[in-house]
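K.L.:
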Amino acid sequence: MKNKDIKSVADFGCGSGRTLFLLADKHPNIICYGFDSTLFIVKKNRQRADEQALSNLHFEQDTLPNIKSRLSFDLVYSIATLHYIRDIKLAIQKLYQRVNAGGFLIFNYPNRHSMFWYRKHIKPSNKEMRTRFSLLLAGRNLITLKDITNITGTRPMNFYRAVGEKGLRANVCVYLHKPYTPNPNKNRVNTFPAFGKSPVLIPP
Numbered sequence: 473m474k475n476k477d478i479k480s481v482a483d484f485g486c487g488s489g490r491t492l493f494l495l496a497d498k499h500p501n502i503i504c505y506g507f508d509s510t511l512f513i514v515k516k517n518r519q520r521a522d523e524q525a526l527s528n529l530h531f532e533q534d535t536l537p538n539i540k541s542r543l544s545f546d547l548v549y550s551i552a553t554l555h556y557i558r559d560i561k562l563a564i565q566k567l568y569q570r571v572n573a574g575g576f577l578i579f580n581y582p583n584r585h586s587m588f589w590y591r592k593h594i595k596p597s598n599k600e601m602r603t604r605f606s607l608l609l610a611g612r613n614l615i616t617l618k619d620i621t622n623i624t625g626t627r628p629m630n631f632y633r634a635v636g637e638k639g640l641r642a643n644v645c646v647y648l649h650k651p652y653t654p655n656p657n658k659n660r661v662n663t664f665p666a667f668g669k670s671p672v673l674i675p676p
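Next up, the structure:
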């Protein structure tokens with residue numbers, strides 16, 4: 473990570489936590505949190521973190537869009553998770569609320585190109601995949617860049633372009649840099665802890 477001021481990172485929908493384990497091991501000064509809805513996965517990740525003596529890596533059970541954790545972080549990301557969420561706008565709003573002022577939010581999201589791609593590549597006989605991506609296939613949780621701007625008050629930027637890679641329109645990944653001074657025209661954006669902090673407790 474090039475930004476030396478990042479002190480805390482969270483992955484919502486972390487699954488096996490592959491990226492978090494690599495990050496926590498390489499950067500012991502960064503506090504890392506992984507959140508997942510499945511308790512079995514959370515317990516398994518906790519055990520692995522203990523075995524590897526990664527005291528800076530923590531896992532908690534939590535679910536989008538109704539996040540229970542009141543912690544905020546310098547960097548929040550959610551990859552391959554929003555595709556399963558019905559109320560995707562609320563999920564993005566809640567994720568953005570967990571970002572410290574001056575921090576970053578990274579996520580990919582389903583759009584109309586995603587819907588057409590999945591409709592083309594998931595066969596009717598594959599009931600498991602059709603059930604897993606039922607919201608996306610039906611076009612019930614699609615979102616646009618304009619929607620993201622309206623939700624957060626912040627313009628999303630292309631993540632793949634920022635890291636010098638070529639992305640697909642069917643798998644758009646964006647990042648948002650949260651300003652230190654909230655936009656006064658966006659009532660849903662309040663004051664937040666400053667960037668460069670360990671996880672901060674958000675007031676109720």
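Heads up: the sequence shown runs through residues 473 to 676, numbered per our numbering. Cβ atoms here follow ideal geometry from the backbone N, Cα and C, with glycine treated the same way.
1) On the three-state DSSP scale, how would you describe F484?
2) Pairing CB atoms from the region 514–521 with CB atoms from the region 549–558, are three or more of them under 8 angstroms?
3) Is it buried or exposed, R584, if we count other Cβ atoms within 10 angstroms and call 16 or more buried?
4) DSSP on Y590, reduced to helix/strand/coil?
5) Please state whether DSSP places Y647 in a helix, a strand or coil.
6) Taking DSSP's pairing of strands, which residues face T533 in a bridge?
7) Can you tell me where the alpha helix (DSSP H) holding I578 begins and where it ends?
8) Grouping DSSP H, G and I as helix and E and B as strand, with all else coil, what is S544?
9) Output yes or no for whether 8 angstroms exceeds the beta carbon distance between D508 and L526.
10) Given that a residue counts as buried once 16 or more other Cβ atoms are within 10 Å of its Cβ, and exposed if not, what is H530?
11) Relative to the alpha-carbon of D534, which residue among G506, G489, S544, M629 has its alpha-carbon at the smallest distance?
P.N.:
Here's the rundown:
1) strand
2) no
3) Exposed is the call here.
4) helix
5) The answer is strand: DSSP assigns Y647 an E or B state.
6) One detail in the question is off: residue 533 reads as Gln in this sequence, not Thr. Partner(s): D508.
7) No alpha helix (DSSP H) contains I578, which is instead part of the beta strand (DSSP E) from 571–581.
8) strand
9) no
10) buried
11) G506
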